[in-house]
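Enquirer:
Protein chains: 2
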Amino acid sequence: MHEGEYYDIIRLNQSSPSLLNKFSTTNPIFICVISHTETSEIPGITIAGENTDLVKYTSAADSEFLYYGHCKCINNIPITPDGKPTPAIITRTALQLTDIPFLIVDAGTKIKPFIPYVSFDLEPGKNIKFGKAVDINHVIKAFNYGVILGKQLAKSNDLVVIGESIPGGTTTALGVLIALGVDAKFKLSSSLPINPHSLKNRIVTEGMKKAEVYFGGLKDDPFKAISLFGDPMIPSVAGLADGVISSGGRVMLAGGTQMSTVVVILKSFQRSLDNICIGTTSYIAGDQSSDLVDLVKSISKNVPIFAVDLHMNESSKSGLRAFAKGFVKEGVGAGGISITSILKSKGRINGTFLLKAIEREYDIAIEK
Amino acid sequence: MHEGEYYDIIRLNQSSPSLLNKFSTTNPIFICVISHTETSEIPGITIAGENTDLVKYTSAADSEFLYYGHCKCINNIPITPDGKPTPAIITRTALQLTDIPFLIVDAGTKIKPFIPYVSFDLEPGKNIKFGKAVDINHVIKAFNYGVILGKQLAKSNDLVVIGESIPGGTTTALGVLIALGVDAKFKLSSSLPINPHSLKNRIVTEGMKKAEVYFGGLKDDPFKAISLFGDPMIPSVAGLADGVISSGGRVMLAGGTQMSTVVVILKSFQRSLDNICIGTTSYIAGDQSSDLVDLVKSISKNVPIFAVDLHMNESSKSGLRAFAKGFVKEGVGAGGISITSILKSKGRINGTFLLKAIEREYDIAIEK
Chain A
1 MHEGEYYDII RLNQSSPSLL NKFSTTNPIF ICVISHTETS EIPGITIAGE
51 NTDLVKYTSA ADSEFLYYGH CKCINNIPIT PDGKPTPAII TRTALQLTDI
101 PFLIVDAGTK IKPFIPYVSF DLEPGKNIKF GKAVDINHVI KAFNYGVILG
151 KQLAKSNDLV VIGESIPGGT TTALGVLIAL GVDAKFKLSS SLPINPHSLK
201 NRIVTEGMKK AEVYFGGLKD DPFKAISLFG DPMIPSVAGL ADGVISSGGR
251 VMLAGGTQMS TVVVILKSFQ RSLDNICIGT TSYIAGDQSS DLVDLVKSIS
301 KNVPIFAVDL HMNESSKSGL RAFAKGFVKE GVGAGGISIT SILKSKGRIN
351 GTFLLKAIER EYDIAIEK
Chain B
369 MHEGEYYDII RLNQSSPSLL NKFSTTNPIF ICVISHTETS EIPGITIAGE
419 NTDLVKYTSA ADSEFLYYGH CKCINNIPIT PDGKPTPAII TRTALQLTDI
469 PFLIVDAGTK IKPFIPYVSF DLEPGKNIKF GKAVDINHVI KAFNYGVILG
519 KQLAKSNDLV VIGESIPGGT TTALGVLIAL GVDAKFKLSS SLPINPHSLK
569 NRIVTEGMKK AEVYFGGLKD DPFKAISLFG DPMIPSVAGL ADGVISSGGR
619 VMLAGGTQMS TVVVILKSFQ RSLDNICIGT TSYIAGDQSS DLVDLVKSIS
669 KNVPIFAVDL HMNESSKSGL RAFAKGFVKE GVGAGGISIT SILKSKGRIN
719 GTFLLKAIER EYDIAIEK
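Chains as they are written, first to last, in our numbering: chain A, 1 to 368; chain B, 369 to 736.
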């Protein structure tokens, strides 16, 4: 499968074959927004971390891994209970292969990474089942700081790729989408192969009951929706994207179903979505337990979604084959940065080439 | 006076007229490293702040001013007791005129600015008269984080311009230079028109006595010299510069005599200095109470120094004319960014053009 001259990039929702060329890039930058929501501490909600106690280290450890190839705040790379690695292993490989610069934005982590990071000066988000997630002033600050940084990035870089690492983030995304009137139930993906939809729905319903908000009740007030049911990552990424497109730049939202929250927020601000696309992995695209395409289509028909096929099913490593079996699937911008590295290389590299490099990175990381 | 086709850029120390062209740029970025040393709280050492109590706000306020055109952590722009404005007014004007992106690095401020900034996770520096300024682990961290960030910047930008805002920074620079065996006494400039050389010398002498270190005693250990007599800005800027040049990029150190510490540190690490220049104002260049050219020459003959003539003496504003009378003179990368904006504009703008824009910015800032 291929899109134009680029192999292993699949176009999921658009008819015009020229759309990928619109996001061609010679000088991209990757921004990974790391954050925390106490919602992730609910047992069964995520496997992003070896156990519930370690979940708070995941996003810091991911960002250390991107810079160093190993972690500093924990001993091993973030890994699932049975040894499946963080998607940061894909991200690091793709960044290195085509020399893409990147910065980490700390948007309210509990554990700070041992790297230079851009601070948005935010607190971690609370458990949304209590109907109070992020101080409204912090929502506004996150968005405004995102805009400031996004404007600076658009001056240097022809494509700003924005990813995230926040365990539990699909549950907070569900809360925000429902409050904004997007029929998102059963459409958000999960790091688990068996998507805990009923648990997520229950948490969101509980939070909405506490806050006395119903489906679509905050359609015109996305900041309030984030404040009640979201996390600090969402307004930070939305602000970054807004800063870039308001400066005439182009944005790739590198992530799965969570990124639909950013699309709906920008749409509610009447922004043109012409210069935004979503880049993800084929494991999100092919997930039977979620529906990224339908979710985004219900918000906007104009945002193209691209997915990369990394041929993980063909890997010699069982930890990587697991991605093709529905574990982890995406995160830390893995899919979007893989697409960006294919675009930046003008198709010189493809999914198979990336897989070989990811396997080498995997061997090094596991040995450490 | 002009250098090649660029008016108002003066070449101070080199014979080859092609040297400025080497630093021509289409896609520069400005990094301003803000920091604090308790040395600045010694009365009479600086006028960077309305009074000794307010000095700790200066660098945070400077960086807010760059983004917003006004400050948030204090009510007015950083200003001297009798109304002379921060050099950030020059920097902001030059950045805006030619749309140069910039990021702030917090390297140990006491007051954090209300902006998104890159955190190097450092403590403010102590008063060097006690012979113990910065924890050695923080010196190393500052340098390493600088290298990490510098490498990323060099991937996107063809010139990385690095400035600083740290009140009292010429005194800490003096301490480091002397410990490294650079005959720097009476050569460092001051924000005051009457350079308090004897006070600075006394503080440094006191600190060296406490630490039992003599002239040149730490020639081979620049990190220890910074740890005893420096501030957190110096290793941060040195690391940034090292990260950029080690990636094949080019650096302009935007500042006055303080930047000589960075040159001596990189030289002691046997780095090639071919891709480094210093950019400053003509008010530093013409300062009778200091000697930038001689200071840098005693370290390396290969680092070109450029100065911009902003024609401040011709300004209609007394607060700006003061720059030409020896007040403030430089800071927040003012000279280097003015030069960069002239270079980026391919000479379309010059010092006179900049002055008119600075005067407009001054009017707006004073009104607020």
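Cβ atoms here follow ideal geometry from the backbone N, Cα and C, with glycine treated the same way.
Remember, predicted model here, so these are calculated numbers, not experimental data.
Out of curiosity, what's the CA-to-CA distance linking B/THR573 and B/LYS497?
Expert: Indexing the second sequence from 1 puts residue 573 of chain B at position 205. Indexing the second sequence from 1 puts residue 497 of chain B at position 129. Roughly 8 Å between the two C-alpha positions.
Enquirer: Is the segment 719 to 729 of chain B touching the segment 547 to 562 of chain B in the sense that three or more CB pairs, one from each, lie closer than 8 Å?
Expert: no
Enquirer: What distance in whole Å lies between the Cβ atoms of A/THR281 and A/ALA307, which are believed to be in contact at a cut-off of 8 Å?
Expert: Position 307 of the first sequence, counting from 1, holds the residue named residue 307 of chain A. Position 281 of the first sequence, counting from 1, holds the residue named residue 281 of chain A. The Cβ separation is near 6 Å, so the contact holds.
Enquirer: Taking B/ARG379 as part of the beta strand (DSSP E), name the residues at either end of that continuous run.
Expert: Position 11 of the second sequence, counted from the start, is the residue given in the question as residue 379 of chain B. That run of the beta strand (DSSP E) goes 377 to 379.
Enquirer: Should B/ILE483 be flagged as near chain A, meaning a C-beta pair shorter than 8 Å?
Expert: In the second sequence, the residue the question calls residue 483 of chain B occupies position 115. With 8 Å as the cut-off, B/ILE483 counts as an interface residue toward chain A.
Enquirer: Assuming A/PRO193 and A/LYS325 make a contact with CB atoms under 8 Å, what is their CB distance in whole Å?
Expert: Stepping through the first sequence from its first residue, residue 193 of chain A is reached at position 193. Stepping through the first sequence from its first residue, residue 325 of chain A is reached at position 325. Sure, about 6 Å apart at Cβ, within 8 Å.
Enquirer: With H, G and I counted as helix, E and B as strand and the rest as coil, what does DSSP make of A/ASP135?
Expert: Translated into the one-based positions of the first sequence, residue 135 of chain A becomes position 135. Reduced to three states, the DSSP call for A/ASP135 is coil.
Enquirer: Run the CB neighbour count on A/ARG360, radius 10 Å, all protein chains shown included, and call it buried at 16 or more, exposed below.
Expert: Within the first sequence, the letter at position 360 stands for residue 360 of chain A. That one is exposed.
Enquirer: Rounded to whole angstroms, what's the CA-CA distance from A/GLY248 to B/LEU434? Just pull it up for me.
Expert: Translated into positions along the first sequence, residue 248 of chain A becomes position 248. Translated into positions along the second sequence, residue 434 of chain B becomes position 66. The alpha-carbon atoms of A/GLY248 and B/LEU434 are separated by roughly 21 Å.
Enquirer: Compare the C-beta of B/ILE705 against all C-beta atoms of chain A and say whether one is closer than 8 Å.
Expert: In the second sequence, counting from the first residue as 1, residue 705 of chain B sits at position 337. Against chain A, the CB of B/ILE705 has no partner CB under 8 Å away; the residue lies outside that interface.
Enquirer: Which residues mark the beginning and the end of the beta strand (DSSP E) in which B/ASP610 is found?
Expert: Position 242 of the second sequence, counted from the first residue, corresponds to residue 610 of chain B. That residue, B/ASP610, is in no beta strand (DSSP E); its alpha helix (DSSP H) goes 601 to 614.
Enquirer: Beta-carbon within less than 6 Å of B/LYS478's beta-carbon, same chain only, minus the 5 sequence neighbours each way: which residues are those?
Expert: Locating residue 478 of chain B in the second sequence gives position 110, where the first residue counts as 1. Taking B/LYS478 as the centre and dropping the five residues before and after it, the same chain places the C-beta of HIS404, LYS424, PRO492 closer than 6 Å to its C-beta, in chain order.
Enquirer: Using 10 angstroms around the beta-carbon of B/GLY412, count the other beta-carbons present and answer buried if the total reaches 16, otherwise exposed.
Expert: Your numbering for residue 412 of chain B matches position 44 in the second sequence. With fewer than 16 other beta carbons inside 10 angstroms of its own, B/GLY412 counts as exposed.
Enquirer: Which value, in whole angstroms, describes the spacing of the CA atoms of A/MET1 and A/ILE9?
Expert: As a position in the first sequence, residue 1 of chain A is number 1, starting the count at 1. As a position in the first sequence, residue 9 of chain A is number 9, starting the count at 1. Since pLDDT at A/MET1 reaches only 42, below the 50 mark, its modelled position is unreliable, and the value read off the structure follows with that caveat. In a straight line, the C-alpha of A/MET1 is about 7 Å away from that of A/ILE9.
Enquirer: Strictly below 7 Å CB to CB, what residues from chain B border A/GLN152?
Expert: Residue numbering aside, residue 152 of chain A sits at position 152 when the first sequence is read from its first letter. Here the neighbours are PRO469, PHE470, LEU471.
Enquirer: Quick check: is the beta carbon of A/VAL182 nearer than 8 Å to any beta carbon in chain B?
Expert: As a working note, residue 182 of chain A is residue 182 in the first sequence. Output row for A/VAL182: interface = no.
Enquirer: By the 9 Å beta-carbon criterion, what residues does the segment 484 to 499 of chain B contribute toward chain A?
Expert: For the segment 484 to 499 of chain B, which is checked against every Cβ of chain A, the residues closer than 9 Å are PRO484, TYR485, VAL486, SER487, PHE488, ASP489.
Enquirer: Taking A/PRO85 as the reference, which of A/GLN96, A/THR98, A/HIS70, A/LEU97 has the closest Cα?
Expert: Residue numbering aside, residue 85 of chain A sits at position 85 when the first sequence is read from its first letter. It is A/HIS70.
Enquirer: Is the separation between the beta-carbon of B/PRO455 and that of B/VAL696 shorter than 8 Å?
Expert: Counting from one through the second sequence, the residue named residue 455 of chain B turns up at place 87. Counting from one through the second sequence, the residue named residue 696 of chain B turns up at place 328. Yes, Cβ-Cβ distance for B/PRO455 and B/VAL696 is below 8 Å.
Enquirer: Identify whether B/TYR436 lies in helix, strand or coil by the three-state DSSP scheme.
Expert: Counting from 1 along the second sequence, the entry for residue 436 of chain B is found at position 68. B/TYR436: helix per DSSP, three-state reduction.
Enquirer: Helix or strand or just coil, what does DSSP make of A/LEU159?
Expert: Mapped onto the first sequence, residue 159 of chain A falls at position 159. The answer is strand: DSSP assigns A/LEU159 an E or B state.
Enquirer: Applying the 10 Å Cβ sphere with the 16-neighbour rule, what's the burial state of B/ASP450?
Expert: As a first step, residue 450 of chain B must be located in the second sequence, where it is residue number 82. The residue in question, B/ASP450, is exposed, as its Cβ has fewer than 16 Cβ neighbours within 10 Å.
Enquirer: Taking 8 Å as the threshold (beta carbon to beta carbon), is B/SER427 in contact with chain A?
Expert: Translated into the one-based positions of the second sequence, residue 427 of chain B becomes position 59. By this cut-off, B/SER427 is not an interface position.
Enquirer: Determine, using beta-carbon pairs with one atom in the segment 627 to 642 of chain B and one in the segment 587 to 598 of chain B, whether at least three such pairs fall under 8 Å.
Expert: yes
Enquirer: Label B/THR394 either buried or exposed according to how many other C-beta atoms from any shown protein chain fall within 10 Å of its C-beta, with 16 as the threshold for buried.
Expert: The residue labelled residue 394 of chain B in the question sits at position 26 within the second sequence. Exposed, since its Cβ has fewer than 16 Cβ neighbours within 10 Å.
Enquirer: Compute the beta-carbon to beta-carbon distance between B/LYS519 and B/LEU596, rounded to the nearest angstrom, for a pair I have assumed lies under 8 Å.
Expert: One-based indexing of the second sequence puts residue 519 of chain B at position 151. One-based indexing of the second sequence puts residue 596 of chain B at position 228. Rounded, the Cβ-Cβ distance is 28 Å, inconsistent with contact.
Enquirer: Measuring straight from C-alpha to C-alpha, what distance separates A/GLY279 and A/LEU343?
Expert: Here residue 279 of chain A refers to the residue found at position 279 when the first sequence is read from its first residue. Here residue 343 of chain A refers to the residue found at position 343 when the first sequence is read from its first residue. Rounded to whole angstroms, A/GLY279 to A/LEU343 spans 12 Å at the Cα level.
Enquirer: Using alpha carbons as the reference points, say which of A/LEU273, A/SER318, A/TYR283, A/SER316 lies closest to A/LYS297.
Expert: Against the first sequence, residue 297 of chain A aligns to sequence position 297. Closest by alpha carbon: A/LEU273.
Enquirer: Between the Cα of B/LEU527 and those of B/ILE508, B/ILE652, B/PRO396, spot the shortest distance and give me the residue it belongs to.
Expert: Locating residue 527 of chain B in the second sequence gives position 159, where the first residue counts as 1. Looking at the Cα atoms, B/PRO396 is the closest of the given residues.
Enquirer: Looking at chain A, which residues of the segment 377 to 396 of chain B have a Cβ within less than 7 Å of any of its Cβ atoms?
Expert: ASN395
Enquirer: Using a Cβ cut-off of 8 Å, which residues of the segment 242 to 265 of chain A contact any Cβ in chain B, in chain order?
Expert: none
Enquirer: Any Cβ of chain B within less than 8 Å of the Cβ of A/LYS155?
Expert: Here residue 155 of chain A is taken as the residue at index 155 of the first sequence, counted from 1. Taking Cβ atoms only, chain B reaches closer than 8 Å to A/LYS155, which makes this a yes.
Enquirer: Just the Cα atoms here: how many angstroms apart are A/PHE120 and A/LYS141?
Expert: Here residue 120 of chain A refers to the residue found at position 120 when the first sequence is read from its first residue. Here residue 141 of chain A refers to the residue found at position 141 when the first sequence is read from its first residue. Distance between the alpha carbons of A/PHE120 and A/LYS141 is about 8 Å.
Enquirer: Could you give the first and the last residue of the continuous alpha helix (DSSP H) run that contains B/PHE721?
Expert: For the purposes of this step, residue 721 of chain B is taken as the residue at position 353 of the second sequence. That run of the alpha helix (DSSP H) goes 719 to 735.
Enquirer: Closer than 8 Å, CB to CB, is A/LEU97 near chain B or not?
Expert: Taking the first residue of the first sequence as 1, we reach residue 97 of chain A at position 97. Answer no: the Cβ-Cβ gap between A/LEU97 and chain B never drops below 8 Å.
Enquirer: Ignore the nearest five residues each way along the sequence and tell me which others in A/GLY108's own chain have a CB closer than 7 Å to its CB.
Expert: By 1-based counting over the first sequence, the position of residue 108 of chain A is 108. Closer than 7 Å at the Cβ level, and outside the excluded window around A/GLY108, lie SER35, HIS36, LEU122, GLU123, PRO124, GLY125, PRO232.
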